[in-house]
Amino acid sequence: MSGGTGDGASHAFLGEEFLTWLWFRTETEGGEFELGAGRVAAVSFDDLLEFAPLDDDETEHTLRKGMPTRSVEARAALRTGHRLRRARLVVAHGQLVWQLVLDGASMQPRSVRLPEDDEEAESMEERSRERAANFLLLNELLGLLYREFLRIRLRPDYLGSDAERQARWMASEG
Amino acid sequence: MFRRSGSFVAFHVEGRMPAPRSADFAGAMASQRFRSIEDAASEEASVGWVTPGDPTGDTFELEDLDLDRALWLRIRIDRKRLPAVWLRIRRGQAERSAGRKLSAAERRELKDALMDELLPRVLPAVQLVDVLYDPEQRLALLFGTATGLRDEFRKLWFRTFASDVVESDAGSLARRVGLDAAAERYLDEVSPVPWLRDRRAAAAVRGPRRMVAAGAAAAADDDESAERTAEEAQA
């Protein structure tokens, strides 16, 4: 029995970069993402942002309530090169809307709230099936969004192209 | 009814698994079914499978598990412990009647006697944890996040199906989302973007060029260093 791939801790930064990129994309190009095979998901940031400290001694920054992405503190954190560690997101796909807190390092969703039950679902079994399918669909959508990020992030010219655009956004006043 | 909210941890399923709606699958779960410790006279824990329709672990009807795309599995964990407050009460009584503190050996003896007397009457604490298993995606979602629970789940899955579950994270997920070969290879060497290379520079940041410069300079340093190494090797 194996405990894991060993990639977890060493690639945690990728999940944090993913969250920061999501924020960048939602602010600069809108929150819609083409995920292939005609699938589209929309993402927006809600009322929780937590920034990863640059080193072990640094104070952690957590912003709650209201619209933290619009706050002066959030912009200051970006300007000083902080990645997002955790954020509360709203993810929409068609008529379905999920709320969740996404932990960047582990890429695991927390405090997930599923879309409203379909009013036409008559039995408990039907509702259970629908809810299970919605948990699995959320997991799939998060994987597809992550893939979109990685396709850009792992390109050889990333530092000179997309990273430069993101850096300009991070350094801006918002 | 299945929950509408909560936290989950995604696991990738590795190795061979019995067909999801087969008697083999139900049989494997039944072999690791939950076993009651209600009457146990010792502090212990019991971890095993039950179904959403039967929390006792006595039956494994496949229709209880079937949610079309996924199977709804459920783990039951019972823990029986001697209530600490009872130990304190009895120890206080014993010390008052002896007129002195109990020795270590006497305290041990008292605890053993109390366990024999009380544990058969103590009901275990019960925890029910849902798991969604998607056989097509080879994915299991565990609806609980505690480290101990994740370990118990891994062990139980292995005992049941002789296959591993590997917890998803930013690295393992990156290898499963269907990247092209070049991107996958680059995963082995990719390092964080140095948005700001030096914290002391934070105060001095004037604009985007400085932030990008941190990344570009790092890349340039690496290139120069690689070229130097190559030249030295040739020399």
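As they're listed, the protein sequences go chains C and F.
The first sequence begins at 2 in this note's numbering and counts up by one.
The second sequence begins at 31 in this note's numbering and counts up by one.
Ideal Cβ placement from N, Cα and C applies to all residues, glycine included.
No experiment lies behind these values; they were computed from the predicted model shown.
### Query
Name the chain C residues whose beta carbon is nearer than 7 Å to that of TYR216/F?
LEU155
### Message
For GLN167/C, report the span of its alpha helix (DSSP H) as first-last.
### Response
163-172
#### Entry: Neighbourhood of PHE38/F by C-beta, 7 Å cutoff - its chain only, sequence neighbours within 5 removed
LEU171, LEU172, PHE173
### Query
What is the residue span of the beta strand (DSSP E) that LYS105/F lies within?
Checking the sequence shown, residue 105/F turns out to be Ile, not Lys. Unbroken beta strand (DSSP E) run through ILE105/F: 100-110.
### Query
Who are VAL115/F's beta bridge partners in DSSP?
According to DSSP, VAL115/F bridges with nothing at all.
#### Entry: Cβ contact check for the region 43-53 of chain C and the region 62-71 of chain C: 3 or more pairs under 8 Å
yes
### Message
Does the CB of LEU171/F have a neighbour CB from chain C at under 8 Å?
### Response
yes
#### Entry: Contacting positions in the region 38-63 of chain C - beta carbon closer than 9 Å to chain F
LEU55, ASP56, GLU59
### Message
Is TYR147/C a contact residue of the ligand FMN, with contact defined as CB to any heavy atom under 7 Å?
### Response
Ligands displayed in this structure: none; no statement on the ligand FMN is therefore possible.
#### Entry: Through-space distance from PRO69/C to VAL235/F, alpha-carbon basis
The predicted position of VAL235/F is uncertain, since its pLDDT is 45 and thus under 50; a value taken from the coordinates is nonetheless stated next. The straight-line gap from Cα to Cα measures roughly 22 Å.
### Query
Should LEU190/C be labelled buried (16 or more other beta-carbon atoms within 10 Å of its own) or exposed?
Since the first residue shown for chain C is 2 and the last is 175, residue 190/C is missing from the structure and cannot be characterised.
### Query
What span of residues does the alpha helix (DSSP H) with SER61/F cover, start to end?
53-61
### Message
I need the straight-line Cα distance from ASP118/C to ARG87/C, nearest angstrom please.
### Response
27 Å
### Contacts of PHE32/F in chain C (Cβ-Cβ under 7 Å)
SER129, ARG132, ALA133
### Query
So, using beta-carbon positions, are LEU112/F and GLU73/F closer together than 8 Å?
yes
### Query
Can you name the residues that DSSP bridges to GLU44/F?
ASP194/F
### Helix, strand or coil at THR60/C [DSSP, three-state]
coil
### Query
Residues of chain C with a CB under 8 Å from the CB of PHE183/F: which are they?
None at all; the shortest Cβ gap to chain C is about 11 Å.
### Task
From the DSSP output, in three-state form, read off GLU51/C for me.
strand
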